[in-house]
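In the numbering used here, the protein residues as written are 1 to 179. Below is one structure, written out as structure tokens, with a few remarks after it.
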Amino acid sequence: SAAHEVNILTAPTVTVTADNNYVCQNGDVTFTANVTPVGTYNYVWTINNQEQPDNTATITTSMSNVGAINASVVVSAAGASSSCTATATLAVPVQVVAAPTVSIAADHLTMCVGGTTTLTSTVNSNVPGDFTYQWAINGIEVTGAIASSFVQPLNAAGSYEYTLRVAQNNNLNCNSTWS
């Protein structure tokens, strides 16, 4: 009879990590399966109880609704028996949050030429992080107007529309609309 060689593999272990704990609506989040030992594996991902077609160590997804993204993966050693599998679930779901909203208040709504008006902003956001600001007058961004408040000298008679866009300085692309 012929001899048969059998390869005995170390059973894999896996953890799942996300590139961010928060993501804005429709923003991307990437999950990674960290498998040991190093080898060739098959991946079956499940995102929010929906099996995904991607057979890769990483998967990128987005969600249009505010809520949570849960991710899990089953890895199996390529060509091995079912005993060479491992399963992992993301420890803390990624939170999908709405973009920040902004309200603006002015200390004076009617002024004479030569006066100033001070505009202040209030930002509502569920994502931790610092904000960046950009003010605009009549739809034109004002160079250097990048603080939460804006003092505008009133040098010409007229009606002016002041708007503000706020972004979160956390690489999530959480930007408000012009408010």
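All residues carry an ideal CB built from backbone N, CA and C; glycine is no exception. Note that the coordinates shown come from a computational prediction; the quantities given were computed from them, not determined experimentally.
| Asked | Found |
| --- | --- |
| Identity of the residue in P12, V38 and G114 nearest C84 by Cα | P12 |
| N175 versus T15 - alpha carbon distance | 31 Å |
| Rounded distance between the beta-carbons of A33 and Y22, thought under 8 Å | Between A33 and Y22 the Cβ distance is about 21 Å, and since that is not below 8 Å, they are no contact. |
| Test item: CB-CB of P100 and Q168 under 8 Å | yes |
| Straight-line gap, F150 to T110 (C-alpha atoms, nearest Å) | 16 Å |
| CB of A105 within 8 Å of CB of T116, strictly | no |
| Buried or exposed (CB count within 10 angstroms, at least 16 for buried), S159 | exposed |
| Minimum C-alpha distance to N20 - residue among E141, V123 and A71 | A71 |
| Within 8 Å, strictly: CB atoms of W135 and V142 | yes |
| From G139, R165 and L154, residue whose alpha carbon lies closest to that of S148 | R165 |
| Top-ranked residue by Cα proximity to N55, from T132, V102, Q152 and S76 | S76 |
| Nearest-angstrom beta carbon gap, I69 and V96 [assumed within contact, 8 Å] | 6 Å |
| Distance between beta carbons of T30 and T10, contact taken as under 8 Å | In fact, because the Cβ distance is near 27 Å, the residues do not count as touching under 8 Å. |
| When V6, I140, A88 and V66 are compared against G27, the one with the closest alpha-carbon | V66 |
| Where D28 sits in the DSSP three-state scheme | strand |
| Backbone CA spacing between N124 and I140 [nearest angstrom] | 24 Å |
| Given A91 as reference, the closest of T36, T177, A18 and A145 once Cα atoms are compared | A18 |
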